[in-house]
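What follows is a set of notes on a single structure, which appears directly below.
Number of protein chains: 2
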Amino acid sequence: MLKLFYAPNACSLAPHIGLEEAGADYEAVRLDLKAGEQRNPDYLALNPKGRVPLLITDKGPISENPAILTWIAQAYPEAKLAPTGDAFAFAKFLSFCAGLSSGIHVNFAHAFRASRWSDDEAAQASLKAKAPANVAADFKTIEGQIKGPFVLGQDYSLADAYLFVFVRWGKNMVEMSAYPKVMAVHDAVAVRPATRKVLADEGLA
Amino acid sequence: MLKLFYAPNACSLAPHIGLEEAGADYEAVRLDLKAGEQRNPDYLALNPKGRVPLLITDKGPISENPAILTWIAQAYPEAKLAPTGDAFAFAKFLSFCAGLSSGIHVNFAHAFRASRWSDDEAAQASLKAKAPANVAADFKTIEGQIKGPFVLGQDYSLADAYLFVFVRWGKNMVEMSAYPKVMAVHDAVAVRPATRKVLADEGLA
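Below is the structure:
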């Protein structure tokens, strides 16, 4: 059986929703990041990066959301969770997901985990101070990328579930009403049965 | 005809090598990042992020290396540049590429472009000071991921070309002899005819 290591409201929320959308048979294993469970030797043996999410498949572990979301979409093609059959549409899906991973997620992390990049407290405060402006600029770019009503157009994909995570984080940092297409994706994802079940399972609803 | 926007020795080197490995008919368009050409209105209309690489296909532009490298591999399947036919192997390819994009590239950027994350000069100096330790930690993780002789095992893929970029950058920042599997990938990529042609074309050889 598939096993997903997650932390509540972390970016692991996206593949958690993905597994539920797919109707997959899976076990969700919660890690307490504040207690440092992601650095337990047993977990580091599976994922030396010490991060979530991690998906354990029958062939081995997969890290990094663009890869995990793609694997779920390919393993459950009948759920139509990504346009994997059209090379250009799939590239746009991957581009969007990879952009979230290397862009807005990194900019949020400067607010949440500034100590990754500096050991100096004044410098950490400087990173936290600039993070909202970078996150806002990212949402502006993302707003321009959304075809509507979903990220890729008419059809839901796991790019929407991934964006949903960052809207949840962004609400506490920037004025989200400036991004109506982003918020429309958020609202459409929020009402889906799979999303509602996973939010409840993670203790967020 | 395909058009790749690149800057010499930037991470666009990976898809540049990829197009050459594929035997693609393409035009490589150089942007002078120091002169700010990536912020020209004509370019921002194609890529609002103002970054390289950007690949223009007959269906539209694609940004982000994990997406571009995958598109090249899928468009030229006979070149066997990624294991796109095996869902788990492809997930490992994507995971490796996405990890480079959101991990080591970001850590290098704290040395090269600290002003992205702080407007304070002392904080920028603090980011630059910590960057080599983060890059070294990333190379240690990558060393453990490489199956050998190539990243994914016996067969070359564009994950190798992508790693090649960061080894070129890393040589000026950390002691690369600590990562023999990484260096073996670098050395195997360096001698390939496609790599040699692209290094010459970018003025790096």
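Read top to bottom, the protein sequences are chains A and B. Going by our numbering, the letters in the first sequence line up with residues 1 to 205, in that order. Going by our numbering, the letters in the second sequence line up with residues 206 to 410, in that order. Where a beta carbon is used, it is the ideal one built from N, C-alpha and C, also for glycine.
So, does the CB of B:A316 fall closer than 8 Å to a CB anywhere in chain A? no
If you measure beta-carbon to beta-carbon, which residues of the segment 255 to 267 of chain B are closer than 8 Å to chain A? T262, K264, G265, I267
Which runs of the alpha helix (DSSP H) at least 4 residues long sit entirely within the segment 57 to 124 of chain A? Give them in chain order. 65 to 75, 87 to 99, 105 to 112
Indicate whether the contact test is met: 3 or more Cβ pairs, each with one atom in the segment 338 to 352 of chain B and one in the segment 123 to 131 of chain A, closer than 8 Å. no
According to DSSP, which residues form a beta bridge with A:R30? A:Y6
In whole angstroms, what is the alpha-carbon distance linking A:Y156 and B:R244? 32 Å
Under 8 Å, Cβ to Cβ, is there at least one residue of chain B near A:T70? yes
Nearest by alpha-carbon distance to B:A294: which of B:H310, B:A364, B:A341 is it? B:A364
Closest by C-alpha distance to A:S115, when choosing among B:S331, B:R321, B:G353: B:S331
B:F293: contacting residues in chain A (beta-carbon distance under 8 Å): T57, K59, G60, I62, W71
Chain A within 8 Å of B:K335, Cβ atoms only: yes
From the beta carbon of A:A24, is the nearest beta carbon of chain B less than 8 Å away? no
Taking the Cβ atom as the reference point for each residue, do B:N270 and B:Y367 lie within a distance shorter than 8 Å? yes
Which residues in chain A sit within 9 Å of B:Q279, going by Cβ to Cβ distance? A87, F90, A91
For A:V191, decide whether its Cβ has a neighbour in chain B, counting only Cβ atoms nearer than 8 Å. no
Please report the distance separating the alpha-carbon of A:K197 from that of A:D32. 20 Å
Since A:D120 meets chain B, which of its residues come closer than 7 Å, beta carbon to beta carbon? S331
Going by alpha carbons, who is nearest to B:V257 out of B:A229, B:A227, B:V234, B:V390? B:V234
How do the segment 72 to 87 of chain A and the segment 308 to 316 of chain B stand: do at least 3 beta-carbon pairs fall below 8 Å, yes or no? no
Nearest neighbour of A:I17, chosen from A:D42, A:L69, A:L46, A:G99 [CA to CA]: A:L69
When the cut-off is 8 Å and only beta carbons count, does A:G170 lie next to chain B? no
Which one or two residues does DSSP pair with A:G148 in a beta bridge? A:G148 is not bridged to any residue.
Judging by CA-CA distance, which residue of A:A194, A:K171, A:S102, A:A87 is the nearest neighbour of A:M183? A:K171
Along chain E, which residues have their Cβ under 9 Å away from the Cβ of A:P48? Looking for chain E here will not work: the only protein chains present are A and B.
Do we get a CB-CB distance below 8 Å when we pair B:P271 with the residues of chain A? yes
Could you give the residue range of the alpha helix (DSSP H) that holds B:D392? 385 to 395
Quick one: list the residues of chain B neighbouring A:A98, beta-carbon separation under 7 Å, in chain order. E269, P271, A272, A303, S306
Roughly how many angstroms separate the alpha carbons of B:V370 and A:K49, rounded to a whole number? 21 Å
Apart from the five residues just before and just after B:A342, which ones in its own chain have a Cβ nearer than 6 Å to its Cβ? none
With 16 other CB atoms within 10 Å as the buried threshold, where does A:V191 fall? exposed
Can you tell me the Cβ-Cβ gap for B:A303 and A:S101, rounded? I've got them flagged as a contact below 8 Å. 6 Å
Reduced DSSP category for A:G36 - H, G, I as helix; E, B as strand; rest coil: coil
Need the endpoints of the alpha helix (DSSP H) that A:V167 sits in, please. 158 to 170
Examine chain A for any beta-carbon lying closer than 8 Å to the beta-carbon of B:A328, and answer yes or no. yes
Grab me the residues of B:Y384's own chain with a C-beta within less than 8 Å of its C-beta, minus the 5 sequence neighbours each way, in chain order. F344, K345, I347, E348
Cβ of B:V311 less than 8 Å from any chain A Cβ? yes
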